[in-house]
Amino acid sequence: MSTAVHLRGLRRVFGSRAVLDGVDLDIERGEFVALLGASGTGKTTLLRILGALDRPDGGTVLVPEARTIVFQEPRLVPSKRVLGNVVVGLPRGAAVQEQGRRALAEVGLADHARAWPHTLSGGEAQRVALARALVREPELLLLDEPFAALDALTRLRMQDLVGDLVRTRRPAVLLVTHDVDEAIRLADRVAVLKDGRLVTDERVEARRPRDAADPEFTALRRRLLGDLGVRLPAAGPDENEKAGRPSEGAIR
Amino acid sequence: MTAAPVETRAYPDLVVPRPRIPRPRRRGMSVALRTLGPLALLGGWWLASATGVLSPDVLASPATVADAARELWADGQLTDALRVSLTRAVLGLACGLAAGLLLGVVTGFSRLGEELLDSPLQLLRALPFLSLVPLFMVWFGIGESARVVLIAVATTFPMYVSTAGGVRNVDRRLLEAMRTFGLGGWRLVREVVLPGALPSLLAGFRLSMTLSVIALIAAEEINSTSGIGYLMTQAQSFSRTDILSVCVLVYGLLGLAADLLARGAERVLMPWRAKGAAR
Numbered sequence: 001m002s003t004a005v006h007l008r009g010l011r012r013v014f015g016s017r018a019v020l021d022g023v024d025l026d027i028e029r030g031e032f033v034a035l036l037g038a039s040g041t042g043k044t045t046l047l048r049i050l051g052a053l054d055r056p057d058g059g060t061v062l063v064p065e066a067r068t069i070v071f072q073e074p075r076l077v078p079s080k081r082v083l084g085n086v087v088v089g090l091p092r093g094a095a096v097q098e099q100g101r102r103a104l105a106e107v108g109l110a111d112h113a114r115a116w117p118h119t120l121s122g123g124e125a126q127r128v129a130l131a132r133a134l135v136r137e138p139e140l141l142l143l144d145e146p147f148a149a150l151d152a153l154t155r156l157r158m159q160d161l162v163g164d165l166v167r168t169r170r171p172a173v174l175l176v177t178h179d180v181d182e183a184i185r186l187a188d189r190v191a192v193l194k195d196g197r198l199v200t201d202e203r204v205e206a207r208r209p210r211d212a213a214d215p216e217f218t219a220l221r222r223r224l225l226g227d228l229g230v231r232l233p234a235a236g237p238d239e240n241e242k243a244g245r246p247s248e249g250a251i252r
Numbered sequence: 001m002t003a004a005p006v007e008t009r010a011y012p013d014l015v016v017p018r019p020r021i022p023r024p025r026r027r028g029m030s031v032a033l034r035t036l037g038p039l040a041l042l043g044g045w046w047l048a049s050a051t052g053v054l055s056p057d058v059l060a061s062p063a064t065v066a067d068a069a070r071e072l073w074a075d076g077q078l079t080d081a082l083r084v085s086l087t088r089a090v091l092g093l094a095c096g097l098a099a100g101l102l103l104g105v106v107t108g109f110s111r112l113g114e115e116l117l118d119s120p121l122q123l124l125r126a127l128p129f130l131s132l133v134p135l136f137m138v139w140f141g142i143g144e145s146a147r148v149v150l151i152a153v154a155t156t157f158p159m160y161v162s163t164a165g166g167v168r169n170v171d172r173r174l175l176e177a178m179r180t181f182g183l184g185g186w187r188l189v190r191e192v193v194l195p196g197a198l199p200s201l202l203a204g205f206r207l208s209m210t211l212s213v214i215a216l217i218a219a220e221e222i223n224s225t226s227g228i229g230y231l232m233t234q235a236q237s238f239s240r241t242d243i244l245s246v247c248v249l250v251y252g253l254l255g256l257a258a259d260l261l262a263r264g265a266e267r268v269l270m271p272w273r274a275k276g277a278a279r
C-alpha cells in the first residue's frame with residue numbers, strides 16, 4: 001500500500017497559541033483514521049489544512065490531488081436541487097448526471113434527486129453531502145464531525161453507511177470526531193490530538209462488525225477516554241450494559 | 001512553507017495543498033490602496049491638462065480649479081452655497097430615509113402590509129423623479145419645500161426596496177424562536193429584525209445618499225438663488241469652466257464623504273460582525 005497523507009512537524013499558530021505543534025501523521029491508501037480530541041484542540045484545523053482551506057505555519061504537508069470534505073453541516077446550495085448539489089462544480093453532461101444519480105442511490109436517496117435541499121431532514125441532507133463528496137472519486141475523504149448534528153438513531157445509520165461506502169470505494173479517510181465510540185466503530189486506526197500533538201496513535205484490533213460489548217472495544221474506549229482526560233469509574237459488572245448505549249462516550 | 005524536497009520526491013503522486021485564502025492585509029496598506037484610485041484620476045487629469053490634450057475651454061486644469069476653489073472659499077460664496085445645499089440634502093434625505101425605513105419594515109414584516117402597499121409603491125418607484133419636478137413646482141411653489149420634497153421622494157425608494165428585502169430575509173427560525181420567548185411587535189422589530197436587516201439597511205442608506213446628491217442637483221436647477229446648483233448656473237452663463245469644475249468636484253466629494261460615512265456607520269453599528277468577516 002502506498003501513502004495518501006504525509007505530515008511531518010505540522011505547525012499552526014493562532015495569535016500566540018500553537019494549536020498544532022509538531023504533528024506527524026501518515027495515512028495509507030484505503031486506510032480509515034479517526035482523529036479524536038476535545039473541542040478546541042485543533043483537529044478541525046488539521047483537517048482544514050489537509051483540505052487546503054487553511055494554511056500551515058510550518059512543516060511538511062503532502063496529500064493526494066483528489067480530496068473531498070464532508071463538513072459538520074451539509075452546506076448544500078439552497079438554490080440547486082439535490083442532484084445539482086451532488087454534481088456541483090463537475091462538468092455538465094448526461095454522464096455526470098448519471099454518476100450523480102448513482103451516488104445518490106448509494107446513499108439511499110435515489111428518489112430525492114429533484115427535491116430542494118430545504119425539504120430534506122438533517123440526516124438526508126448530510127447523506128447528500130456524502131454523495132457529493134463520493135461522486136468525485138476522492139483518494140482522500142475528509143470527514144469533519146459529519147454526524148455530530150444528527151440524532152442518535154440517524155447517526156448510527158449514517159455511521160454504518162459511511163463504513164460500507166468506504167469499504168467498497170477504499171479512499172483514505174480522516175474522520176475528525178469527539179465521539180470515542182464512533183471512532184472505534186469505524187476506524188482502522190485512532191489517534192488522539194492533545195496540546196498540539198498526537199498523544200495516541202494505535203490500530204483498532206477489534207473484529208468487525210464491532211460491538212461495543214466486546215471487551216477489546218471497552219478496553220480501548222477506556223484508554224482513549226483516559227487520553228482525552230475523562231476518568232471512568234473502575235470497571236464493574238455494569239460496564240457492558242453501559243457500553244451498549246450508542247454515544248455514551250461522547251465528549252460534549 | 002518549507003516543503004522538504006527529499007520528502008516530496010519520496011511521494012511522487014502526492015501534492016502540497018495550496019489554500020486559496022487571501023492573506024490578511026495591514027490597515028495602512030488597505031487605506032493606501034483605496035486612495036490610489038482617486039489619486040490616479042487626479043494625476044490623469046493633471047497630465048491631460050499639462051500636455052494640452054485637454055483644452056482649458058473644455059475642462060480647466062487642476063491648478064486653475066484649485067485657484068477658483070480658493071477664490072470662492074475666500075469670498076464666502078462656496079461656504080454659503082455648501083451650507084444651503086447640505087441643509088436641503090440632509091433634510092430631504094432624513095425624510096426619505098425615515099419614510100423608506102417605515103414602509104420597508106411594514107411591507108417586509110407584515111403580509112397584509114406587503115399586499116396593501118407593495119404594488120402602489122412599486123408603481124410610484126417606476127416614475128422618474130425628474131419628471132415630477134414641474135408637478136412639484138405647481139404643488140409646492142418654487143420655495144424650499146419643493147426642493148426638500150423632491151429629494152425626499154427620490155431617496156425614499158432605494159431605502160424602501162433595501163429595507164423590505166432585508167427584513168424579509170431575516171431568519172424565520174430565529175423569529176419563531178423569539179416569539180416563543182414572548183418577544184413580539186415593536187420590540188421584536190427593534191431588537192431582532194432591524195439588527196438582522198442592518199446590512200441591507202446600510203446598503204439602502206448608501207444608495208439613497210448618492211441619490212440625494214443627484215436629486216439635489218435637479219432641485220437646485222429650479223429657479224434657485226442659492227446653493228451649489230445656483231453657483232453652477234452662474235458659472236455656466238459666464239462660461240467659467242473652472243468654477244463649474246469646482247462645483248462638480250464638490251458634488252463628487254459629497255458623494256465620497258457620504259460613502260465614508262456609511263462605511264463608518266457599518267463598523268460602529270454592527271460590532272457583532274467578526275472582524276475577519278468584514279473583509
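First to last, the protein sequences are chains R and X. Position 234, counted from 1, in the first sequence is what the UniProt record's numbering calls 234; the numbers after and before it change by one each time, with no gaps. Position 47, counted from 1, in the second sequence is what the UniProt record's numbering calls 47; the numbers after and before it change by one each time, with no gaps. Here a beta-carbon is modelled for each residue, glycine too, at the ideal position from N, C-alpha and C.
Using 8 Å as the threshold, is the C-beta distance between residue i and residue j below it?
i: residue 167/X; j: residue 108/X; result: yes
i: residue 176/R; j: residue 166/R; result: no
i: residue 151/X; j: residue 215/X; result: yes
i: residue 59/R; j: residue 17/R; result: no
i: residue 19/R; j: residue 229/R; result: no
i: residue 140/R; j: residue 23/R; result: no
i: residue 15/X; j: residue 205/R; result: no
i: residue 163/X; j: residue 200/X; result: yes
i: residue 178/R; j: residue 37/R; result: yes
i: residue 258/X; j: residue 209/X; result: yes
i: residue 68/X; j: residue 243/X; result: yes
i: residue 128/X; j: residue 49/R; result: no
i: residue 48/X; j: residue 54/X; result: yes
Between which two residues does the alpha helix (DSSP H) containing residue i stretch?
i: residue 80/R; result: Looking at the DSSP string, residue 80/R is not in any alpha helix (DSSP H), and its letter there is neither H nor E.
i: residue 49/R; result: 43 to 50
i: residue 184/R; result: 180 to 186
i: residue 165/R; result: 152 to 169
i: residue 110/R; result: Looking at the DSSP string, residue 110/R is not in any alpha helix (DSSP H), and its letter there is neither H nor E.
i: residue 235/X; result: 228 to 237
i: residue 222/X; result: That residue, residue 222/X, is in no alpha helix (DSSP H); it is neither H nor E in DSSP.
Show which residues of chain X have a CB atom less than 7 Å away from the CB atom of residue i.
i: residue 63/R; result: 14, 15 and 17
Between residue i and chain X, is there a C-beta pair that is closer than 8 Å?
i: residue 53/R; result: yes
i: residue 50/R; result: yes
i: residue 3/R; result: yes
i: residue 6/R; result: yes
Could one say the Cβ of residue i lies closer than 8 Å to chain R's Cβ atoms, at least one of them?
i: residue 151/X; result: no
i: residue 279/X; result: Note that residue 279/X has pLDDT 36, beneath the 50 cutoff, so the model's placement of it is unreliable and no number is given.
i: residue 214/X; result: no
i: residue 142/X; result: no
i: residue 271/X; result: no
i: residue 3/X; result: Reliability fails at residue 3/X, whose pLDDT of 46 lies under 50, so the model's placement of it is uncertain and no value is given.
Could you tell me which chain X residues have their CB closer than 9 Å to the CB of residue i, listed as they occur along the chain?
i: residue 118/R; result: Ordered by position in chain X, no residue passes the 9 Å Cβ test against residue 118/R, which lies about 11 Å from the chain.
Which first and last residues belong to the beta strand (DSSP E) in which residue i is found?
i: residue 197/R; result: 197 to 203
i: residue 14/R; result: 3 to 14
i: residue 36/R; result: 32 to 36
i: residue 144/X; result: Not the beta strand (DSSP E): residue 144/X falls in the alpha helix (DSSP H), residues 144 to 168.
i: residue 26/R; result: 17 to 28
By a C-beta neighbour count over all protein chains shown, 10 Å radius and 16 as the cutoff for buried, is residue i buried or exposed?
i: residue 32/R; result: buried
i: residue 122/X; result: exposed
i: residue 131/X; result: exposed
i: residue 4/R; result: buried
i: residue 171/X; result: exposed
i: residue 158/R; result: buried
i: residue 235/X; result: buried
i: residue 104/X; result: buried
i: residue 176/X; result: exposed
i: residue 60/X; result: buried
i: residue 263/X; result: exposed
i: residue 10/X; result: exposed
i: residue 238/X; result: exposed
List, in chain order, every chain R residue whose beta-carbon is nearer than 7 Å to that of residue i.
i: residue 11/X; result: 3, 6 and 62
i: residue 21/X; result: 55
Can residue i be considered in contact with the ligand MN, in the sense that its beta carbon sits closer than 7 Å to one or more heavy atoms?
i: residue 5/R; result: Of the ligands one can find in the structure shown there are none, so the ligand MN has no counterpart to examine.
When you compare the CB of residue i with every CB in chain B, is at least one pair closer than 8 Å?
i: residue 190/X; result: The structure shown contains no chain B; the protein chains it does contain are R and X.
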